[in-house]
Amino acid sequence: MENTELHSTLVYIEEKEFMSDLYPEGLPTNTIIDKTLTAKGATTCELEAKRNSIIVEPNVPVIVGKQNKYPKALGVCEGVTDATIKTYLLDKSIPHKKIIVTPESYSKVKRAADYASINLFKDFFLLIDECEKVVQDAEFRPNIILPFFDFFSFDNKALISATPLLPNLKGFTNHSFTCIKIIPNYDYKKALNLVGTNNVQQEFMNQIFQSGNKIAIFLNSPEYAKALIEKANIRDCTKIYCSDTDGNIGKLRKEGYKAADLFVSGEVLEQYSFFTSRFYSAVDLETSDRPDIIMMTDCISRPHTMIDPYTHAIQIIGRFRNGIGDITHITNWNNDLELQSREEVIKEMKAQKNVYDTLADVKEALKGRERELLTEIQERIPVYRFLFENDEYKGKVNPFLVECYIQKFKIASFYQYPQYLENAYRETGHFNVLYHYKHYNDEQPQTVKPKILSRKRKIEILERLQVLRPKGLVFMIPSEEQEQELASLRHEAPELCKYYEKFGIDKIVEIDYDLSTMKRELKTKHKAEIYLVPIDEIYNTIVLGKPYSESEIIATLQMIYDKYNLVDDNNKPLKAKATYLNKYFRISERITIPKSRLKGYIPLEKKYSLE
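Everything in the sequence shown is counted per the numbering used here, starting at 113 for the first residue and increasing by one.
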């Protein structure tokens, strides 16, 4: 969370302490609690506090697990009626009511309290657990933000997570919220093996056949999980855990896979267990097993499998309450991922919202078909997807969707180059990272000439690209089928797809769909970009004013290029030259190094400011 206006407090916790030791009377009100680590009993603290509580949990498996431990608590999700909640609220045999609810079912609790003449805002403490999910899931769970419409109306309230993530809301400042950072007073870092590779599936097979332990694989794609299972021939000893959206579980079982949408307490793991993002956070996976963890990302064919080191990874390693073995993250990278900074997104959004509001003013003077046409124009402005559609907030920007959109770009930025992801893992403070790269020579010799694309086919491909990868401020997450289609188009027309993603449709029309021009301009852009990837490290390594021999320059640059796995426009390892120093610094004329016969240069001034 980025809010510099709130007061922050540090609270230290010992290894054997829990949140109830720090807050025996219950969690403090008007706070955003960053507990740093999972499994510190935060929800337990509130469930055992001697007061009425509503605890909002991100999904059903969490609620089932908590209710099994606390049978006097009421779990509220799909299927639980208002009448059941009202009966519970009026049950005098339960002195301290504990309601654990999904965000989507919160409105039931509110209605039931109204029927029972109970003032939730005065009589209940509201805790939103794993609060980052409100941002991360806002794109495909529009009702996940429902509790926030009432959040600031509660007299007593708090947000908590080991990885909090929230937009800056005025309510935090208006209600004098405090950020509490729980600091473990012991070393809690875990070793993480980060494997960069050009073949994610092959490296997965390499990893699982090396391990003698049970393995829990965190991969946000049941379809990709199926592909890995079939490739490794491990169907008989594998189970997939995912949501039952669109009847996923029934479909998987019909195809012969073991599958479930819940993890039963005490369940014995299969040799290989796949978990989608439904199980990344909050859920306690209670089993006697201590599995190795493999996190899987294929950011080229399945962008939605990208794992955020700052949230997903930290949550994942805390799921198994009995402990875990080795931790590995297998990933490829894609330096063509589209990126926008927070500032760029907000600037563009404000401009579009101004246009939207101007059209709304004009529309007030129109009637009939003219009014309808202007409404259609408004709905085609990309910012429309970020606006509330109903009630008192209609037409206002949804800050959770905006933050979700910004975070998507932030996560994608880690997957442009392996070093970026490694740096992010280190900066979390949770991991001791060991990175290595594994290359597989799996490219098949081309026996058939690539098909020449007709102008008609180019236009057809571009029409699909504009649907699958729309340019500008367009909020969409492609389905797996769409991602597969996109991968197929990239295979059929790699230069056309890459050029579209780099330059857009207007530029393609301008050059009259000419592939030769596309290849030439892509090559030029690649050369311009590739050398600047490790510029931070180069500036931290090379000292201004110090004479460097040509051999020293080559060795230093080559070491850094290799570390970042940089490749040239022919996809071969980038080779350093002494003159490349000029790409980063204003340099002296070629000199003779003092006290030697060696030739070299002196870096005089940085060409780029990184501040």
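A virtual CB, placed ideally from N, CA and C, is assigned to each residue, including glycine.
inquiry  = Using DSSP's beta-bridge definition, name the partner residues of LEU304.
reply    = Position 192 of the sequence shown holds residue 304. Under DSSP, LEU304 shares a beta bridge with VAL545.
key: According to DSSP, residues forming a beta bridge with GLY378   = For the purposes of this step, residue 378 is taken as the residue at position 266 of the sequence shown. Answer is none; GLY378 lacks a bridge partner.
ask   = Looking only at its own chain, which residues have a Cβ that is under 6 Å from the Cβ of MET131, when we skip the five neighbours before and after it?
value = In the sequence shown, residue 131 corresponds to position 19, counting from 1. Same-chain partners within the cutoff: LYS152, GLY153, ALA154 and CYS157.
query = What residues in its chain sit with their C-beta under 8 Å from that of ALA195, if we drop five residues either side in the sequence?
reply = Counted from its first residue, the sequence shown places residue 195 at position 83. Only ALA224 meet the Cβ criterion.
ask   = Between PHE237 and ASN164, is the Cβ-Cβ spacing less than 8 Å?
value = By 1-based counting over the sequence shown, the position of residue 237 is 125. By 1-based counting over the sequence shown, the position of residue 164 is 52. Taking 8 Å as the Cβ cut-off, PHE237 and ASN164 qualify as a contacting pair.
query = Which residues share a DSSP beta bridge with PHE386?
reply = Position 274 of the sequence shown, counted from the first residue, corresponds to residue 386. Answer is ILE329 and ILE352, bridged to PHE386.
ask   = What's the C-alpha gap between ILE564 and LEU574?
value = As a position in the sequence shown, residue 564 is number 452, starting the count at 1. As a position in the sequence shown, residue 574 is number 462, starting the count at 1. Their backbone Cα atoms lie some 16 Å apart in a straight line.
ask   = Do you know offhand how far ALA524's Cα is from ASN325's?
value = Within the sequence shown, residue 524 is the residue found at index 412, counting from 1. Within the sequence shown, residue 325 is the residue found at index 213, counting from 1. Approximately 31 Å, taken between the alpha carbons.
inquiry  = Quick check for students: name the residue ranges of the beta strand (DSSP E) that lie wholly in the segment 405 to 467, counting only runs of 3 or more.
reply    = 439 to 443
task = Compare the C-alpha of PRO494 against each of PRO582, TYR612 and GLU450 and name the closest.
result = For the purposes of this step, residue 494 is identified with residue 382 of the sequence shown, where counting begins at 1. Per the Cα distances, PRO582.
ask   = What is the rounded straight-line gap between the Cα of PHE260 and the Cα of VAL246?
value = By one-based count along the sequence shown, residue 260 stands at place 148. By one-based count along the sequence shown, residue 246 stands at place 134. If you take the alpha carbons of PHE260 and VAL246, they lie about 9 Å apart.
query = Are the beta-carbon atoms belonging to THR443 and ILE405 less than 8 Å from one another?
reply = Working through the sequence shown from its first residue, we reach residue 443 at position 331. Working through the sequence shown from its first residue, we reach residue 405 at position 293. No; because the gap between Cβ atoms is not below 8 Å, this pair is not in contact.
ask   = What is the rounded straight-line gap between the Cα of GLY283 and the Cα of PHE264?
value = Position 171 of the sequence shown holds residue 283. Position 152 of the sequence shown holds residue 264. Answer to the nearest angstrom: the Cα atoms are 6 Å apart.
message = Which residue wins for smallest C-alpha separation from SER453, given the options GLU515, ALA667 and ASN171?
response = For the purposes of this step, residue 453 is taken as the residue at position 341 of the sequence shown. Nearest option by C-alpha distance: GLU515.
task = Within the segment 218 to 278, note down every full beta strand (DSSP E) run reaching 3 residues or more, in order along the chain.
result = 237 to 241 and 268 to 273
query = Going by other Cβ atoms of all chains shown within 10 Å of its Cβ, with 16 needed for buried, is LEU278 buried or exposed?
reply = The sequence position of residue 278 within the sequence shown is 166, counting from 1. Counting Cβ neighbours within 10 Å, LEU278 comes out buried, since at least 16 surround it.
task = Could you check which residue in ILE211, LEU202, THR399 and ASP448 has the C-alpha nearest to that of ALA161?
result = Numbered from its first residue, the sequence shown carries residue 161 at position 49. Among ILE211, LEU202, THR399 and ASP448, the Cα nearest to that of ALA161 belongs to ILE211.
Helix, strand or coil at ILE654 [DSSP, three-state] = For the purposes of this step, residue 654 is identified with residue 542 of the sequence shown, where counting begins at 1. Of the three classes helix, strand and coil, the one that applies to ILE654 here is coil, per DSSP.
ask   = Can you give the Cα-Cα distance for ASP420 and GLN427, rounded to whole angstroms?
value = In the sequence shown, residue 420 corresponds to position 308, counting from 1. In the sequence shown, residue 427 corresponds to position 315, counting from 1. Distance between the alpha carbons of ASP420 and GLN427 is about 10 Å.
task = Following the continuous beta strand (DSSP E) through ILE166, name the residue where it begins and the one where it ends.
result = The residue labelled residue 166 in the question sits at position 54 within the sequence shown. Note, ILE166: beta strand (DSSP E), 165 to 168.
message = Looking at chain D, is there any beta carbon in it that lies within less than 8 Å of the beta carbon of ALA185?
response = Within the model displayed, chain D is absent; a lone protein chain is all it includes.
key: beta strand (DSSP E) segment containing LEU716, residue limits   = Within the sequence shown, residue 716 is the residue found at index 604, counting from 1. 715 to 718 is the span of the beta strand (DSSP E), which, as asked, contains LEU716.
request  = Could you tell me which of ALA228, ILE458, ASN553 and PRO646 sits nearest to VAL312, measuring between CA atoms?
outcome  = Reading the sequence shown from its first residue, position 200 is the one you call residue 312. Out of ALA228, ILE458, ASN553 and PRO646, ASN553 has the C-alpha closest to the C-alpha of VAL312.
query = Does DSSP put ASP681 in a helix, in a strand, or in coil?
reply = Counting from one through the sequence shown, the residue named residue 681 turns up at place 569. Coil, per DSSP.
inquiry  = Which runs of the alpha helix (DSSP H) at least 4 residues long sit entirely within the segment 596 to 637? Give them in chain order.
reply    = 606 to 615 and 617 to 622
query = When you compare only the Cα positions, how much space is there between ILE665 and LYS687?
reply = Numbered from 1 along the sequence shown, position 553 holds the residue referred to as residue 665. Numbered from 1 along the sequence shown, position 575 holds the residue referred to as residue 687. Taking the straight line joining both Cα atoms gives about 12 Å.
ask   = DSSP state of PHE512, grouped into three classes?
value = Numbered from 1 along the sequence shown, position 400 holds the residue referred to as residue 512. It is helical.
ask   = Any idea if ARG632 is buried or exposed, counting beta-carbon neighbours within 10 angstroms, 16 or more meaning buried?
value = Translated into the one-based positions of the sequence shown, residue 632 becomes position 520. Under this definition ARG632 is an exposed residue.
request  = Per DSSP, which residues does PHE697 bridge with? Please list them.
outcome  = Along the sequence shown, one-based indexing puts residue 697 at 585. Beta-bridge pairing links PHE697 to LYS718.
inquiry  = I'd like the list of long-range same chain contacts for LYS293, defined as Cβ closer than 8 Å, with 5 residues on each side in sequence excluded.
reply    = For the purposes of this step, residue 293 is identified with residue 181 of the sequence shown, where counting begins at 1. SER120, THR121, LEU122, VAL123, ASP146 and THR148.
inquiry  = Please return the same chain residues whose Cβ sits closer than 8 Å to the Cβ of ARG390, not counting the five positions on each side in sequence.
reply    = The residue you call residue 390 lines up with position 278 of the sequence shown. Hits under 8 Å: ASN171, PRO173, TYR353, CYS354, SER355 and ASP373.
query = Given GLU242, which residues of its chain have a CB within under 6 Å of its CB, disregarding the five upstream and five downstream residues?
reply = Looking up residue 242 in the sequence shown gives position 130. Excluding sequence neighbours, GLU242 sits near PRO170, SER273, SER393 and ALA394.
Length-filtered (3 minimum) beta strand (DSSP E) runs lying within the segment 126 to 176 = Entirely contained in the segment 126 to 176, the beta strand (DSSP E) runs reaching 3 residues are, in chain order, 143 to 146 and 165 to 168.
message = What does the alpha-carbon distance come out to for the pair THR214 and ASP133?
response = Taking the sequence shown and counting its residues from 1, one reaches residue 214 at position 102. Taking the sequence shown and counting its residues from 1, one reaches residue 133 at position 21. Computed Cα separation, rounded: 27 Å.
key: GLU607 Cβ short of 7 Å to the ligand SAM heavy atom set   = The ligand SAM is not among the ligands present in this structure, which contains no ligands whatsoever.
query = Are the segment 465 to 478 and the segment 532 to 550 touching by the rule of at least three beta carbon pairs closer than 8 Å?
reply = no
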